[in-house]
Amino acid sequence: MSHPETGPYVIVNGCSISYHLTGNIPVVNGRRVQTFNAPTIHAERPTTENKGYEARGAGKDKGDCMGRVSASAPGKCILFGEHAVVYGQPAVAVAIEQRISVSIETLEGKSESWKIDGMQFDPKRHPHVQALRNRLWQPKQGAPNLSIRISGDIPPASGLGSSAALSVAASAALRVARGRWHNTAEHQESRAWSEGYSSQFEQEDVYTIENRELDANRNGDAGKKVHYVSDESVVDLDECALLAHAVEAVAQGGRASPMDASTCAHGGIVLLSDTLESEEDYLYTRRLKMPEGEREWHLHTIQLPKSTEEVFLVIGNTGVHAPTSQQVAKVATAMKENPQRMKEIETIGIIARRGIQSLKDGDFTAVGRAMTENQIMLQGLGVSCPELENLIRAAAPTSLGAKLTGAGGGGCMVALTTNPKQTSEAIELAGGRTLISRIGNVGLSVDECKELPLWATEPSA
Ligand code: MEV
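Throughout, our numbering is defined as the position within the sequence shown, counted from one, plus 5.
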């Protein structure tokens, strides 16, 4: 059986539809990379008229069928440029095989608040979920309470993008659950968005709101809201990555590059640069006002040579937790105290550029060398630690290069190797816990949706 736009689907329990999205999907390392529609306001949007829309929001009797949406996103591993990217230098991150999955259902009855994994939702414990709720699921506008289940195999607070993956998956699940209004604008056939978040709209409010709710029915375009689309086609990678970046920025004290969010959303390999890279596939540009001034990043995806399949990432977890916000603030203080040190940040940028070229050339010996050089600079910046250096030393004899990955101060290191078993054993012997991943994996995926929408939003007048 085939879904008109997305490929095969199955009928479950006679009343619910579970999609495993296929469609026109690029392949990385033999696996499909999920892509969704680009949010081009004036471009053709998928046809939605033929999809019967029946409001099934909160309070409506659903019989035996509970509405549910599940989405998942991969973690990320930074090959070059962490910390320097916060100051606009180039950086590269890859999606890893490990993922976080988020499943949401509406709470039946008169529950007072949301539940996460069966426990009462505590916004302080889940600041990313709270920040997404303020942007996508406003209780004041009648959004029903939700039960959220979070699962996965990305170790938390370890530099592998667990919070970005959670934010990307949760924003996709919430978007599918509420659907999206489109408008006709000037042309009856237009599928232009009437609400949502996009790099093509003015975005300052998505970054700046904290504890107040943002009007989810904000107009992305000036037209009337006439089409309501309520299926997984409403998911947009730019929107999910933008929301995830915004909530990461809140959690990181206002200083966050969009690297983690975009890599977890798009999958594959993501390059951030201070310039538009003519050889790469351009995604979008992000701007953020940080305490030190406005930053701008141009995001791209990189296509890798086939030989990438010969190398592996072995990730070693020190088990030491060091919050990203503190590490980022530490570097900011060092730069403020001695602005000359910006040269070190620029040197990381030069190393990253060289490493990126080697990656594209398939010269993995040079990639490994650049990773090791990058580690020396990170040590100098003060974001490494003895536990990381111990694991990096252990990995060195069997790998092409190794460095910390993420914010440092603890968390994980990564080794590039053609001998994943040997490198993993060496790291484990030195006391680290390891994960093995290929370079570049599937990005965001919507894994299940049934009985949509979970919240039927109203068009604004
Ligand atoms: C954290 O994964 C990477 C940092 O560069 C911070 C950021 O990019 O926002 C340390």
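The beta carbon of each residue, even a glycine, is placed where N, CA and C say it ideally should be.
Since the model is a prediction, treat every value here as computed from it, not as a measurement.
Item checked: Start-to-end residues for the beta strand (DSSP E) that takes in T410 -> 406-410
Any non-hydrogen atom of the ligand MEV closer than 7 Å to V275 Cβ:
no
**Request:** Measure the beta-carbon distance from S278 to H305 and round it to whole angstroms, keeping in mind my assumption that it falls under 8 Å.
**Result:** 7 Å
> Going by C-alpha distance, which of A178, E315, A266 is nearest G411?
Replying inline: A266
(request) Out of N446, M295, K294, H271, point me to the one whose CA is closest to L288's CA. (result) H271
Hey, is D279 close to the ligand MEV, as in C-beta under 7 Å from one of its heavy atoms? no
Q. Can you give the Cα-Cα distance for R154 and T352, rounded to whole angstroms?
A. 43 Å
Run the CB neighbour count on N446, radius 10 Å, all protein chains shown included, and call it buried at 16 or more, exposed below. buried
- prompt: Taking just the CA atoms, how far does A96 sit from R358?
  reply: 8 Å
Review point. Are the beta-carbon atoms of G437 and L396 separated by less than 8 Å?
Key: yes
Contact between the region 316-336 and the region 402-418 (3+ Cβ pairs under 8 Å): yes
In angstroms, rounded to a whole number, what distance separates the CA positions of A174 and S450?
-> 8 Å
Closer than 8 Å is the cut-off here; do at least three beta carbon pairs connect the region 121-129 with the region 158-173? no
key: Nonlocal neighbours in the same chain, by C-beta distance under 8 Å from E244, ignoring five residues either side   = P44, S176, R180, G201, Y202, S203
Exercise. Would you list the one or two residues that DSSP bridges to S108?
Key: S75, R154
- Under 8 Å, do E110 and R138 count as touching if we go by C-beta distance? no
* If you drop the 5 nearest sequence neighbours on each side, which residues of the same chain put their C-beta closer than 6 Å to that of P425? -> F317, V319, I441
- Taking L219 as the reference, which of Q146, T428, G157 has the closest Cα? Q146
Locate the alpha helix (DSSP H) running through F369, then write down its first and last residues. 369-386
On the premise that P149 lies in contact with W460, defined as a C-beta separation below 8 Å, what is that separation, rounded to the nearest angstrom? 6 Å
Less than 7 Å between the CB of R433 and some heavy atom of the ligand MEV, yes or no? The question names Arg, but residue 433 in the sequence shown is Glu. No, the beta carbon of E433 sits no closer than 7 Å to any heavy atom of the ligand MEV.
Note to self: Per the DSSP calculation, H187 is bridged to which residue(s)?
What the structure shows: W198, H232
By alpha-carbon positions, which one of D210, G406, H88 ends up nearest to K294? D210
Checklist line | Proximity of H187 and L383 at Cβ, strictly below 8 Å | finding: no
**Selection from V336, T313, V240, Y92 that minimises the alpha carbon distance to G387** = V336
Can you tell me the Cα-Cα spacing of Q331 and D368, whole angstroms? 35 Å
Just to confirm, does T338 get its C-beta within under 7 Å of one of the non-hydrogen atoms of the ligand MEV?
no
**Prompt:** Is it right to say H326 is buried, meaning 16 or more other beta carbons lie within 10 angstroms of its own, or is it exposed?
**Reply:** exposed
Identify, in the order they occur along the chain, each residue of the same chain with its Cβ nearer than 7 Å to the Cβ of E378, setting aside the five sequence neighbours on each side. I356
| In whole angstroms, what separates the C-alpha of A63 from that of L309? | Only weak support exists for where A63 lies, its pLDDT of 31 falling under 50; the coordinates are left without a value.
| said: Once the 5 residues before and after F85 are set aside, which same chain residues still bring their CB inside 8 Å of it? | reply: P95, A96, V97, I353, I356, A357, G360, I361, A375, M376, N379
Requested in this report: Could you give the DSSP three-state label for T3: helix, strand or coil?
Outcome: Here the chain covers residues 6 to 466 and nothing more, so residue 3 does not appear.
- Limits of the alpha helix (DSSP H) - the one that C269 falls within: 264-271
Once the 5 residues before and after G373 are set aside, which same chain residues still bring their CB inside 6 Å of it? L405, G406, L421
Between which two residues does the alpha helix (DSSP H) harbouring E253 extend?
242-256
**Prompt:** Is the beta carbon of A412 within less than 7 Å of some heavy atom of the ligand HEM?
**Reply:** As far as ligands go, the structure on display features the ligand MEV and does not contain the ligand HEM.
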